[in-house]
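Step one of this worksheet: look at the structure below.
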Amino acid sequence: MAASEAGARFKKDTVNKLLRLHFKDEKTKVSADALQLMTEMLKVFVQEAAARAARQAQSEDVPTVDLEHLEKVLPQLLLDF
Amino acid sequence: MTLERLKAAVHYTAGCLCQEVAEDKEIEFSKQTIAAISDITFSQCEIFAKDLEMFARHAKRSTINTEDVKLLARRSQSLLKYITQKSEELASSNQKQKEKKKKKNEGESKGRSSEAQVQPMMADSEELDT
C-alpha cells in the first residue's frame with residue numbers, strides 16, 4: 717500500500733473534512749490520490765515546523781522547544797508552504 | 007464531526023509527529039509549542055484548501071487532483087520533489103492494483119482502457135485506506 721512507512725499521520729477523513737471546511741463551491745471534490753498527497757503535505761508541514769523550531773532551540777542551547785523558538789522560524793516556514 | 011473534534015484530531019496527530027521529532031533530535035517540546043504548531047497547521051489548511059480549489063477551477067475541473075497538489079508545493083524545491091515522488095509512488099501502486107484486478111476479472115471485460123484508474127473519485131471511497 718502506498719505511503720506505508722511507520723509513524724504518525726493524518727487520517728484521510730480528517731484531511732478531507734479540513735479541506736471541505738474552506739471550499740467556496742460545494743461541488744468541489746478531492747480525488748483519492750490528491751487526498752493521500754495532502755495527508756503527506758500536512759505531515760511534512762508539521763514535521764518541518766517541529767524540526768525547525770527544535771533546531772532553533774538547540775542553537776540556543778536549551779533542552780525544551782518553546783514558543784519563542786517556533787516564533788523565530790515561523791516566517792520562513794510560511795514562506796516555504 | 008464538529009469543528010472542535012476536527013481541531014482535536016489535528017492536535018493529536020501533530021502531537022504524535024512532534025514526539026517523533028523530539029525523539030529524533032533528543033529534545034523536548036513544550037505543550038504550548040505543540041498546541042501552536044497544531045493551530046498553525048489548522049489555519050494553513052484554509053490557504054491550502056482555497057489554493058487547491060482555485061487551481062482545479064483554473065483547469066476547469068471540479069475535482070482536485072494530484073497535479074493541483076503538486077502546484078501547491080511549488081514554493082519549495084525539495085517539497086515539490088518529495089510530493090512529486092509520492093505522487094508517482096501512488097500512481098504506480100494504483101497501476102499494480104489495477105493489474106491485479108484485471109487478472110482476477112479476466113474474461114468479464116468491462117471495456118475500459120488501462121489508464122482508467124486516473125478517474126477522479128469521491129474522497130470517501132476509501133479504497134486505499136491506510
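Chains as they are written, first to last, in the numbering used here: chain A, 717 to 797; chain B, 7 to 136.
Every residue gets a Cβ at the ideal spot worked out from N, C-alpha and C, and that includes glycine.
Proximity test, Cβ basis, 7 Å: residue i and chain A
i: Lys-106 of chain B; result: no
i: Ala-20 of chain B; result: yes
i: Thr-8 of chain B; result: no
i: Gln-103 of chain B; result: no
i: Phe-35 of chain B; result: yes
i: Lys-13 of chain B; result: no
i: Thr-90 of chain B; result: no
i: Ala-42 of chain B; result: yes
i: Lys-110 of chain B; result: no
i: Glu-26 of chain B; result: yes
i: Lys-56 of chain B; result: yes
i: Leu-96 of chain B; result: yes
i: Lys-66 of chain B; result: no
i: Glu-29 of chain B; result: no
Buried/exposed call for residue i, threshold 16 Cβ in 10 Å
i: Asp-777 of chain A; result: exposed
i: Lys-743 of chain A; result: exposed
i: Asp-74 of chain B; result: buried
i: Asn-71 of chain B; result: buried
i: Ala-122 of chain B; result: A caution first: Ala-122 of chain B carries a pLDDT of 45, below 50, which makes its placement in the model unreliable, though a value can still be read off. Exposed, by the Cβ-count rule.
i: Val-16 of chain B; result: buried
i: Gln-38 of chain B; result: exposed
i: Gln-91 of chain B; result: exposed
i: His-785 of chain A; result: buried
i: Met-128 of chain B; result: Low confidence applies to Met-128 of chain B: its pLDDT is 49, below 50, so where it sits in the model is not reliable, and the reading given next is rough at best. So Met-128 of chain B ends up on the exposed side.
i: Asn-732 of chain A; result: buried
i: Leu-795 of chain A; result: exposed
i: Lys-728 of chain A; result: buried
i: Asp-135 of chain B; result: Reliability fails at Asp-135 of chain B, whose pLDDT of 43 lies under 50, so the model's placement of it is uncertain and the value that follows must be treated cautiously. That one is exposed.
i: Thr-8 of chain B; result: exposed
i: Glu-59 of chain B; result: buried
Of the listed residues the options, nearest to residue i (C-alpha basis)
i: Ala-28 of chain B; options: A:Glu-787, A:Leu-783, A:Gln-763 and A:Arg-736; result: A:Gln-763
i: Ala-766 of chain A; options: A:Asp-729, A:Leu-795, A:Asp-782 and A:Lys-740; result: A:Asp-782
i: Ala-41 of chain B; options: B:Cys-22, B:Leu-85 and B:Ile-89; result: B:Cys-22
i: Phe-35 of chain B; options: A:Ala-773, A:Lys-740 and A:Phe-739; result: A:Ala-773
i: Thr-47 of chain B; options: B:Glu-26, B:His-64, B:Lys-13 and B:Arg-63; result: B:Lys-13
C-beta neighbour in chain B for residue i, strict 7 Å
i: Gln-763 of chain A; result: yes
i: Val-789 of chain A; result: no
i: Asp-777 of chain A; result: no
Touching or not, the region 96-112 of chain B and the region 740-753 of chain A, by the rule of three or more beta carbon pairs under 8 Å? yes
Tell me which residues of the region 733-757 of chain A have at least one Cβ-Cβ distance to chain B shorter than 9 Å, keeping chain order. Lys-733, Leu-734, Leu-735, Arg-736, Leu-737, His-738, Phe-739, Lys-740, Asp-741, Lys-743, Thr-744, Lys-745, Val-746, Ser-747, Ala-748, Asp-749, Ala-750, Leu-751, Gln-752, Leu-753, Met-754, Thr-755, Glu-756 and Met-757
Taking Cβ-Cβ distances below 9 Å as the criterion, which residues of the region 68-83 of chain B are in contact with chain A? Ser-68, Thr-69, Ile-70, Asn-71, Thr-72, Glu-73, Asp-74, Val-75, Lys-76, Leu-78, Ala-79, Arg-81 and Ser-82
Are at least three pairs of beta-carbons, each pair with one atom in the region 753-762 of chain A and one in the region 74-85 of chain B, less than 8 Å apart? yes
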